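Numbering (the working numbering), first residue to last: 11 to 864. Cβ atoms here follow ideal geometry from the backbone N, Cα and C, with glycine treated the same way. Everything numeric in this text was worked out from a predicted model, so none of it was measured.
What follows is the structure in structure tokens.
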């Protein structure tokens, strides 16, 4: 495929000072070229010299002088797709263009424009949104930029309810292979900062504190290098003047240079410097940024000192690729540590190179672009939500739009389907008012919310979950209820939010209390029936649609934000993927940590259990699940098999944490066995087999049908008399077999299990971990199970349980165990020993590590 890469600046030339746009374009071009695509980089002749010589195979460069020349160039090259590297370049494209168009918005223009007083911000917003309407796919540098871009796409008319046309493609590196730095106690450390001095990047106070800390403690052992200058395309302007505090910096500490050609800069940094700096005052632009500077430092093996508020700080911590600080006051202590142990720089240098290789190598980061180009889907934006005609003409529809690839079915549903009822005129006025206020209101609100988020923090957790956890008569309910219970002994409080808009629960020291939301909050949110209709229209299976309500119900976000603000909780835990929308939004606005608990890999489970799941429904489920997995700070999986599946789906390994299901050992120890023969009139010669679950869940009912149709007839042929008790709610209306009885719901399964002779698990389908197996183990029962029935539990077959899949072998195993009480007892004892480490308080302590790691 031939791709035209239209950039704001010239191709990266090691012999010239480079702009961030040129560095960004280099990573995109190499990634696409290495994947077998043909690249032609096109740039304005006024912003660069002639195309550089010696460009690698698969890459060419051309320049143009005006719009007509660009139109002619596009016609001559006849590309298959366009990748536009700067938003306003779209204004130069011919209106008749009918090609897939990817727009790179790695530097959020609207945020930068707030700091440039010569611009009309409202006009800049309208121009930007008009340009957005012509794009099919958007690239951003990090997840925060994706969150920031989403509302602007909504205003521009994109329907993003199921999935937004946004891919995170970080500023990339990996252009050369380097070895880690080496430092000895005799090495004079050189910290380095630099780049263009933009109005939104205020570094002075941080560098001032650093300089004087180096002066006090360094004794000639450390210094600061400052590389600075005007933007390469404004280089003819007067040089920037130093501030009064900068002029006072000692020359023995601070070494100043102008901006260097790209190749010379990298050589200088690699040869003479040891630590890179990315420190500046926090503001909305900085909070969303992905720094070119930081990536250059890391790619050269320079460990990074950065502000904790940056998104990159999380990776720096995870990889131990530098140091993260919260306040200017922390600088003094950091300098002390650096001077005391300069040898740590070598280890952190190796980690910095590993971080770049694993997370920012251009060959990896380009994958979302390759995926889009493999099957490009043209965007079909509807009417914009604000008036874009005030200062610029409306963008006409693309020529022959009917020939474009169709929109995804999920985004053709009218927006009104999930909006609260109200007058159309009122909504139109509200949209207009929002559009006029948004350019200045959004940054103000974001900054205010982040400020509020730093106030009143408490050691508390908010769980966002399904509501059917009381009574805890199914595996998910048990896991959620017991996790909240266990955590409540280690933190101040645990709060549980569900689709119930009226009430929530508070758990303290294991005690559950019901609380009510204020009336005004109870009234917020879209019509639940319209939400359900939208989910069904999107292809989500009807039986599981309730688990995906947050996809279209923004009231989850409102209630989570409210509870976080009034309680001070700053850890937000989503139980099931779609609830991640509320936890990640709250994290993005208030700070803190967003955790996601994967009870199963849901999209795979549903694909297996729902035979008529449509391809589009499958894709919606997959995008929802993987999207929130990748946005959450940590993802809990319950089995190694689930972990491997998510790794294969591209979830970063450092996000994934294996924490198995637990079991209430205390409850089983307290429970006295029931006399099941007396309770259910079972003849004394019949052995009692048990199975428990919810029979609305298809795999559970299917397992009992297998028991009735396959296993029980074989046991009869073997002369083994048994009765099977299928414990749990929602039994089928009709009897499956005379020897199989459904008990209905019971208050506690422990007495039933302890009164049985053997547990059977003939499961054929399902996902996650079988909590029922852990219950049988806790009861000291011997178990015969299929491999699927014991999936996710690292047992040794034949030691803690018998694992057989063939129906004949399953029946034979049951018969042999019933005839051998000693072996049954031995299996039961081994099973009980297996679960001794899985008490819910022990499991909750594993969660606590994630809660406290932020």
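Quick check on residue i: buried or exposed, where buried means 16 or more other Cβ atoms within 10 Å of its Cβ?
{"i": "residue 553", "result": "exposed"}
{"i": "residue 189", "result": "exposed"}
{"i": "residue 521", "result": "exposed"}
{"i": "residue 147", "result": "buried"}
{"i": "residue 343", "result": "exposed"}
{"i": "residue 530", "result": "exposed"}
{"i": "residue 308", "result": "buried"}
{"i": "residue 399", "result": "exposed"}
{"i": "residue 804", "result": "exposed"}
{"i": "residue 51", "result": "buried"}
{"i": "residue 194", "result": "exposed"}
{"i": "residue 844", "result": "buried"}
{"i": "residue 857", "result": "buried"}
So who's on the other strand from residue i, going by DSSP bridges?
{"i": "residue 319", "result": "Answer is none; residue 319 lacks a bridge partner."}
{"i": "residue 808", "result": "DSSP output for residue 808 lists no bridge partner at all."}
{"i": "residue 489", "result": "Partner(s): none; residue 489 has no beta bridge."}
{"i": "residue 608", "result": "647"}
{"i": "residue 71", "result": "51"}
{"i": "residue 526", "result": "513"}
{"i": "residue 42", "result": "In the DSSP output, where bridge partners are listed per residue, residue 42 has none listed."}
{"i": "residue 112", "result": "93, 147"}
{"i": "residue 813", "result": "795"}
{"i": "residue 849", "result": "673"}
Quick check on this structure: which residue in the options has the alpha carbon closest to the alpha carbon of residue i?
{"i": "residue 378", "options": "38, 819, 140", "result": "38"}
{"i": "residue 99", "options": "850, 110, 142, 108", "result": "142"}
{"i": "residue 355", "options": "322, 286, 383, 367", "result": "286"}
{"i": "residue 748", "options": "763, 731, 756", "result": "731"}
{"i": "residue 516", "options": "505, 686, 132", "result": "505"}
{"i": "residue 557", "options": "477, 387, 191", "result": "477"}
{"i": "residue 498", "options": "729, 107, 150, 469", "result": "469"}
{"i": "residue 288", "options": "31, 281, 305, 282", "result": "305"}
{"i": "residue 791", "options": "812, 831, 838, 761", "result": "838"}
{"i": "residue 298", "options": "578, 155, 264, 683", "result": "155"}
{"i": "residue 6", "options": "832, 654, 212", "result": "Outside the displayed span of the chain (11 to 864) sits residue 6, for which this structure offers no information."}
{"i": "residue 758", "options": "719, 706, 677", "result": "677"}
{"i": "residue 157", "options": "640, 80, 278, 382", "result": "640"}
{"i": "residue 723", "options": "573, 825, 160, 533", "result": "825"}
{"i": "residue 397", "options": "484, 388, 138", "result": "138"}
{"i": "residue 320", "options": "311, 310, 337", "result": "337"}
{"i": "residue 513", "options": "503, 23, 528", "result": "528"}
{"i": "residue 292", "options": "215, 225, 348, 632", "result": "215"}
{"i": "residue 265", "options": "278, 271, 273", "result": "278"}
{"i": "residue 511", "options": "365, 846, 538", "result": "538"}
On the three-state DSSP scale, how would you describe residue i?
{"i": "residue 759", "result": "coil"}
{"i": "residue 519", "result": "coil"}
{"i": "residue 707", "result": "coil"}
{"i": "residue 47", "result": "coil"}
{"i": "residue 583", "result": "strand"}
{"i": "residue 332", "result": "strand"}
{"i": "residue 16", "result": "strand"}
{"i": "residue 769", "result": "strand"}
{"i": "residue 537", "result": "coil"}
{"i": "residue 470", "result": "strand"}
{"i": "residue 830", "result": "coil"}
{"i": "residue 266", "result": "strand"}
{"i": "residue 501", "result": "coil"}
{"i": "residue 567", "result": "helix"}
{"i": "residue 177", "result": "strand"}
{"i": "residue 576", "result": "helix"}
{"i": "residue 854", "result": "helix"}
{"i": "residue 314", "result": "strand"}
{"i": "residue 603", "result": "strand"}
{"i": "residue 411", "result": "Caution applies to residue 411, whose pLDDT of 31 falls short of 50 and renders its modelled position unreliable; the model cannot decide the point."}
Q) What are the start and end residues of each continuous alpha helix (DSSP H) run of 4 or more residues lying completely inside the segment 615-690, in chain order? A) 625-641, 650-658, 675-680, 686-689
Q.
List, from N- to C-terminal side, the alpha helix (DSSP H) runs of 4 residues or more that fit wholly inside the segment 142-167.
A. 153-166
Q: Identify every run of the alpha helix (DSSP H) within the segment 179-259, keeping only runs that are complete inside it and at least 4 residues long; order them along the chain.
A: 214-228, 254-257
(Q) Please give me, in chain order, every unbroken run of the beta strand (DSSP E) with length at least 3 that falls completely inside the segment 694-755. (A) 697-702, 732-737, 750-754
Q: Starting from the N-terminal side, write out each stretch of the alpha helix (DSSP H) that is 4 residues or longer and does not extend beyond the segment 270-296.
A: 272-282
Q. In chain order, which alpha helix (DSSP H) runs of at least 4 residues are fully inside the segment 337-362?
A. 341-350
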